[in-house]
Amino acid sequence: MSLSENDIQQLQKVGYDPSGTVPRSGSFLTRDHEVVSLEQREKGLEILPLGAALQKYPWVENLFFKLVPKEKDNYTREVAQHAPVGYFIRAVPGARIARPVQSCFFIKTARFSQMVHNIIVAEPGSELHIITGCTTASYVKQGKHIGLTEFYVRENARLSYTMIHDWAPQVRVFPRSAALVEAGGAFISNYIALTAAELVQAYPVAKVNRGGIARFNSVIYAPQGSHFDLGMAAKLVEPEAKAEIISRAVSDGGVVITRGYLEGGAANTKGHMECSGLLLRDSGSIHAVPELKGTFPETDLSHEAAVGRIADEEIQYLMTRGLDQETATSLIVRGFLDVRLKGLPPELQHAIDTMIEKASLRSTV
Amino acid sequence: MNTCLLEIKNLKVRIGDKTILHGVNLTIDEGTVHVIFGPNGSGKTTLVGAIMGLPQYEVVDGDIKFKGESILSMPSYERARLGIGLAFQRPPAVKGVNLFHLLKAVKRNEDDILAAAEALNLKDYLHRDMNKGFSGGEIKRSEVLQMKLMRPTLLMLDEPESGVDFENIVLLSDIIKEMLEKKQPIVTRKRSGLIITHTGLIIEQIQADVGHVILDGRILCSGNPHEILEAIRTHGFERCVECLEKQRKR
Ligand SMILES: Nc1ncnc2c1ncn2[C@@H]1O[C@H](COP(=O)(O)OP(=O)(O)OP(=O)(O)O)[C@@H](O)[C@H]1O
Ligand SMILES: [Mg+2]
């Protein structure tokens, strides 16, 4: 595997450690369409290229394009036309994989169209944490990434999935994913994007069965010229299913649409959504579109949404303590973006904190 | 010999299109503590806000000199760096920013922050969003905590004791006294205070040097703070209003 110093830095920014010093249970690195690293270091964990998994296990066929249909849109059709590139990650029944699996999709060639398909299975009673970073080599300015991911959270399993994007300003990105959370299962999806991308458009959907829970968190910082259209949806289809959607978006001149959809269709289902948006300039926009749909009387769905700018009064107050306007602003932006993402390994939280720090400092230039 | 720290001449201040201060004159020497009394809405907060440089208080005439230099053109953060500090009467809540973040951002030492928080019984508040859901007394302690760490040469306190229980007033007074070097011999004191109060509780503890009554945007009289307070207690501000009318007729 030949990674340049620059490449390594780029990978580290999105939570992928090629050196092997950070505690990880496994690794999967894809450069353009080539798998350049695959490691698994814990019992009960299986990592395979998806193509290999389809050959090894006939039953994987039953998971393939089942949550995200081939015919969903042009992007899924495009993925379906090619031999699968991407990973199959599985925690066997009862396996508790405490350290995260790290993966990265890296665009190395300028103007490359990267198309990936991933399947993740947390078998009954298992625990699995995955970090997926997506980024480009430092010199790549343009490109396209379509990432189709199907999550299967089996009974009483726990899966956390943290996706960190750090794209070049002219990359177009189309994640297409869906999750099935079976009885008593927990699915936690974190999405972090703190640098510009020409367009990121995603709308993952989780279907939650009896007593299961889906949590979506997203943290977005949209500089000038970027466009993020991000939705998160949970369908609570069986009794006692729960969901929580939290999104924090800062527009520093960029366009952000945060969509949220909660559907309560069974007894004692509960869902809550919080969309907060902070506008730093006159030129950007944040459009929060929270939707609630109850189809059963004993459901409890709620949302809070707020979009605005930082109150002058707050900045002025901090300035009387000796901070100039830019520093006062970045302190507030940093606080706004600082969501403690549940279930993250400390060093990844640290990496995210550092990114947030950087993004909030950019808010001042 | 005491030298002049703050010199305000004929200060006129507007909020929006309403003039609030109509020509205030005030001189504060190094090492002295001044107290301002005045009814609600008389312009006390406006005065300290204008000295601090908060932009909603627009200076339309007069001058403010600090250590001999006009500070009118300076933004508040420069004034803060020069040594002017204000404990707010009603500070805003700042979402996502806690005392610890702020004090680190202004380069205070972590041990000092912890020690000061300990002294003010605010250890548990260092990591909560600033002023958000703080009780009246907690807000005042948090303001004084910031001042303790900022160590301003001119310490302005806007009603530091309102809403504070008696025990905490004693605590706050003690810390304020220390900040104002009240425990040092007079000649070596360099720090000065400008304290707005209604109750006088704090000045009894702090031993203020000069008192002023502000009424309708003007300083009506200045003198011994204890005498002034006594007069206000006995006669209320009504007597001051009469006095103002007499002055006007003259
Ligand atoms: N933002 C504002 N817009 C309009 N008027 C204001 C504003 N801020 C203050 N004022 C007015 O200016 C006047 C002086 O206010 P200031 O806060 O200085 O009073 P104060 O003497 O501190 O009173 P208190 O004892 O109640 O704190 C009041 O009449 C007040 O209503
Ligand atoms: Mg006031």
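Just so you know, the sequences run in chain order S and R.
Just so you know, numbering that gives the first Met the number 0 puts 210 at position 211 of the first sequence, and the rest follows in order with no gaps.
Just so you know, numbering that gives the first Met the number 0 puts 224 at position 225 of the second sequence, and the rest follows in order with no gaps.
Using N, Cα and C, we set each Cβ at its ideal position, and we do this for glycine too.
Query raised in the report: Which whole runs of the beta strand (DSSP E) in the segment 268 to 322 of chain S are 3 residues long or more, in chain order?
Result: Whole beta strand (DSSP E) segments, 3+ residues: 268 to 278, 284 to 293 and 298 to 308.
Query raised in the report: Taking Cβ to Cβ, would you say Asp-111(R) is nearer than 8 Å to Leu-148(R)?
Result: Contact: yes.
Query raised in the report: Between Gln-55(R) and ligand 2, is the CB less than 7 Å from at least one heavy atom?
Result: For Gln-55(R), the shortest separation between its Cβ and any heavy atom of ligand 2 does not lie below 7 Å.
Report task. For Gln-145(R), go through chain S and note every residue whose CB falls closer than 8 Å to its CB, in chain order. Result -> Residues of chain S whose Cβ lies closer than 8 Å to the Cβ of Gln-145(R) are, in chain order, Arg-320.
Query raised in the report: If you measure from each residue's Cβ to the nearest non-hydrogen atom of ligand 2, which ones come out under 7 Å, in chain order?
Result: With 7 Å as the limit, the residues whose C-beta approaches a heavy atom of ligand 2 more closely than that are Lys-43(R), Thr-44(R), Gln-88(R), Asp-157(R), Glu-158(R) and Ile-195(R), in chain order.
Query raised in the report: Is Ser-250(S) helix, strand or coil when you go by DSSP?
Result: DSSP, reduced to helix, strand and coil, places Ser-250(S) within a strand of the structure shown.
Query - Counted within 10 angstroms of its Cβ, other Cβ atoms place Pro-184(R) as buried (16 or more) or exposed - result: So Pro-184(R) ends up on the exposed side.
Query raised in the report: So does Lys-11(R) have its beta carbon nearer than 7 Å to some heavy atom of ligand 1?
Result: Relative to ligand 1, even the nearest heavy atom lies 7 Å or more away from the CB of Lys-11(R).
**Report entry** Cβ-heavy atom distance, Lys-139(R) to ligand 1, below 7 Å
**Finding:** Checking every heavy atom of ligand 1 against the Cβ of Lys-139(R), none is found closer than 7 Å.
**Report entry** Secondary structure of Ser-24(S), DSSP reduced to three states
**Finding:** Coil, per DSSP.
**Report entry** Per-residue contacts from Gly-334(S) into chain R (C-beta, under 9 Å)
**Finding:** Contact note: Gly-334(S) reaches chain R through Val-93, Lys-94, Gly-95, Val-96, Asn-97, His-100 and Asp-128, using a C-beta cutoff of 9 Å and chain order.
Query - Inter-residue spacing [alpha-carbon to alpha-carbon] between Lys-107(S) and Val-139(S) - result: Cα-Cα distance, rounded: 7 Å.
**Report entry** CB of Ile-244(S) within 8 Å of CB of Met-231(S), strictly
**Finding:** Yes. Within cutoff.
Report task. Count the CB pairs spanning the segment 155 to 170 of chain R and the segment 86 to 97 of chain R that are closer than 8 Å, and state whether there are at least three. Result -> Short answer: they touch.
Query raised in the report: So is Leu-85(R) in contact with chain S if we call contact Cβ pairs under 8 Å?
Result: So yes, Leu-85(R) belongs to the interface.
Query raised in the report: Is the beta carbon of Leu-229(S) less than 8 Å from the beta carbon of Tyr-190(S)?
Result: Yes; because the gap between Cβ atoms is below 8 Å, this pair is in contact.
Query raised in the report: Does any residue of chain S bring its CB to less than 8 Å from the CB of Ser-75(R)?
Result: When Cβ-Cβ separations below 8 Å define contact, Ser-75(R) makes contact with chain S.
Query raised in the report: Which ranges does the alpha helix (DSSP H) cover as unbroken runs of at least 4 residues, wholly within the segment 23 to 64 of chain S, from first to last along the chain?
Result: Segments of the alpha helix (DSSP H) lying fully in the segment 23 to 64 of chain S: 49 to 55.
Query raised in the report: Would a check of beta-carbon distances place Asp-165(S) closer than 8 Å to chain R?
Result: Chain R, which has no Cβ nearer than 8 Å to the Cβ of Asp-165(S), makes this no.
**Report entry** For Pro-17(S) and Ala-90(S), the rounded distance between their alpha carbons
**Finding:** Cα to Cα, the separation comes out at about 22 Å.
Requested in this report: Would you check if the distance between the CB atom of Val-225(S) and the CB atom of Pro-203(S) is smaller than 8 Å?
Outcome: Looking at the sequence provided, one finds Ser at residue 225(S) rather than Val. Cβ distance not < 8 Å, so Ser-225(S) and Pro-203(S) don't count as in contact.
Query - Residue range of the unbroken alpha helix (DSSP H) whose run includes Trp-334(S) - result: Residue identity differs from the one stated: residue 334(S) is Gly in this sequence, not Trp. Counting along the chain, the alpha helix (DSSP H) containing Gly-334(S) begins and ends at 324 to 336.
Query raised in the report: Using DSSP with H/G/I as helix, E/B as strand and the rest coil, what is Tyr-15(S)?
Result: Tyr-15(S): coil per DSSP, three-state reduction.
Query - Proximity winner among Lys-176(R), Ile-213(R) and Ile-227(R), relative to Gln-206(R) (alpha-carbon distances) - result: Of Lys-176(R), Ile-213(R) and Ile-227(R), the residue nearest in Cα terms is Lys-176(R).
Report task. Keeping to the same chain, check which residues put their C-beta closer than 6 Å to that of His-271(S); ignore five residues upstream and five downstream. Result -> Cβ neighbours of His-271(S) beyond the five flanking positions: Glu-243 and Ser-301.
Query raised in the report: So, is Phe-165(R) buried or exposed, given that buried needs 16 or more other C-beta atoms within 10 angstroms?
Result: Exposed: under 16 other Cβ atoms inside 10 Å.
Query raised in the report: Can you tell me whether DSSP reads Asn-167(R) as helix, strand or coil?
Result: Reduced to three states, the DSSP call for Asn-167(R) is helix.
Query raised in the report: What number of angstroms, rounded off, separates the C-alpha of Val-255(S) from the C-alpha of Ala-233(S)?
Result: Their backbone Cα atoms lie some 20 Å apart in a straight line.
Report task. For Ala-104(R), go through chain S and note every residue whose CB falls closer than 7 Å to its CB, in chain order. Result -> Per Cβ cutoff of 7 Å: Leu-322, Thr-326 and Leu-330.
Query raised in the report: Mind checking whether the beta-carbon of Lys-17(R) lies closer than 7 Å to any heavy atom of ligand 1?
Result: At least one heavy atom of ligand 1 is nearer than 7 Å to the Cβ of Lys-17(R), so yes.
Report task. Output, in chain order, the set of chain S residues within a Cβ distance shorter than 7 Å of Pro-54(R). Result -> Against chain S, the beta carbon of Pro-54(R) has neighbours under 7 Å at Gln-315, listed in chain order.
Query raised in the report: Comparing the C-beta of Ala-115(R) with each C-beta of chain S, is any distance below 8 Å?
Result: It does not: the Cβ of Ala-115(R) has no partner Cβ on chain S nearer than 8 Å.
Query - Collapsed DSSP secondary structure at Tyr-260(S) in the structure displayed - result: Tyr-260(S) falls in the strand class under three-state DSSP.
Requested in this report: Spell out whether any CB of chain S is found under 8 Å from the CB atom of Pro-224(R).
Outcome: Closer than 8 Å: no.
Requested in this report: On the DSSP bridge assignment, give the partners of Phe-236(R) in chain order.
Outcome: DSSP lists no bridge partner for Phe-236(R).
Query raised in the report: Would you say the beta carbon of Ser-41(R) comes nearer than 7 Å to a heavy atom of ligand 1?
Result: It does: the Cβ of Ser-41(R) is within 7 Å (strictly closer) of some heavy atom of ligand 1.
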